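In the numbering used here, the protein residues as written are 7 to 251.
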């Protein structure tokens, strides 16, 4: 909830579960609201209304019992324009038909922490929903996420903008840590069961894989995203000058 209030989109109403600790929760929410209003220069805009609701009514309003006593009514998620994303970021994760909200939320949190943007298709893929917001622990409210009509077309545009495109594939002959990610980079990760679509795979400059030494055949897509993103950050980290004798 705190990340939602700190994020870009406006919050119209906050719901707090009735109970013995409701007053404490309301006081904390009021502090978050005031801090967010100062951060975004919204002192002249009416703050969101705080409404107390019984637990069952709160769950019905939010469509889930997994709400930890808080919920909110917010404006529609503000996706970033894809062209703007390519201008303003040099590290991007593009997801090909990733449909599990938990996976999308985990990837968004890792990408936002790594300073990377995220691109998702409009069709046959998870979008930013309340479940994804929860799975990301609120990172969606700060992340740069673009939603595109056709992922292969986006990758082609990224190439023209100077990006190198690396597709993650379990059977790839190239190890992920053998490539240079210091230039503008897009990582493409496929769906949980099908991997990369043929046209998407063919658009990539190189296919890379994470070597496995155990018995499992593949890693969770969100784990792979974390490995790749932080390999890019490792390579881009400023090198310390060598100490002289």
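Just so it is clear, CB atoms sit at the ideal spot from N, CA and C, and this is done for glycine as well. Everything numeric in this text was worked out from a predicted model, so none of it was measured.
Here's the rule: buried if 16 or more other CB atoms are within 10 angstroms of the residue's CB, otherwise exposed. What is residue i?
{"i": "residue 182", "result": "buried"}
{"i": "residue 230", "result": "buried"}
{"i": "residue 47", "result": "exposed"}
{"i": "residue 17", "result": "buried"}
{"i": "residue 96", "result": "buried"}
{"i": "residue 33", "result": "exposed"}
{"i": "residue 102", "result": "buried"}
{"i": "residue 218", "result": "exposed"}
{"i": "residue 236", "result": "exposed"}
{"i": "residue 13", "result": "buried"}
{"i": "residue 177", "result": "exposed"}
{"i": "residue 51", "result": "exposed"}
{"i": "residue 223", "result": "exposed"}
{"i": "residue 84", "result": "exposed"}
Tell me which same chain residues have a C-beta within less than 8 Å of the C-beta of residue i, skipping the five on either side of it?
{"i": "residue 98", "result": "91, 92, 122, 123, 124, 125, 164, 169, 191, 192, 193"}
{"i": "residue 210", "result": "161, 171, 172, 173, 194, 202"}
{"i": "residue 167", "result": "92, 93, 190"}
Starting from residue i and walking both ways along the beta strand (DSSP E), at which residues does that stretch end?
{"i": "residue 23", "result": "17-23"}
{"i": "residue 191", "result": "191-195"}
{"i": "residue 58", "result": "55-59"}
Which stretch, first to last residue, makes up the alpha helix (DSSP H) that contains residue i?
{"i": "residue 157", "result": "157-166"}
{"i": "residue 227", "result": "227-242"}
{"i": "residue 31", "result": "28-46"}
{"i": "residue 11", "result": "8-12"}
Tell me which same chain residues have a C-beta within less than 6 Å of the C-beta of residue i, skipping the five on either side of it?
{"i": "residue 232", "result": "116"}
{"i": "residue 139", "result": "146"}
{"i": "residue 207", "result": "173"}
Roughly how far, in whole angstroms, is the beta-carbon of residue i from the beta-carbon of residue j, given that I think they are within contact range, below 8 Å?
{"i": "residue 151", "j": "residue 86", "result": "6 Å"}
{"i": "residue 215", "j": "residue 158", "result": "Between residue 158 and residue 215 the Cβ distance is about 21 Å, and since that is not below 8 Å, they are no contact."}
I want to know whether the region 190-206 touches the region 135-145 - three or more CB-CB distances under 8 Å. no
Taking 8 Å as the threshold, find out whether the region 57-73 comes into contact with the region 82-101 through three or more Cβ pairs. no
Decide yes or no for the touch test of the region 73-80 against the region 98-111: beta carbon pairs closer than 8 Å, at least 3 of them. no
How about the region 54-63 and the region 20-32: do they share at least three Cβ pairs that are nearer than 8 Å? yes
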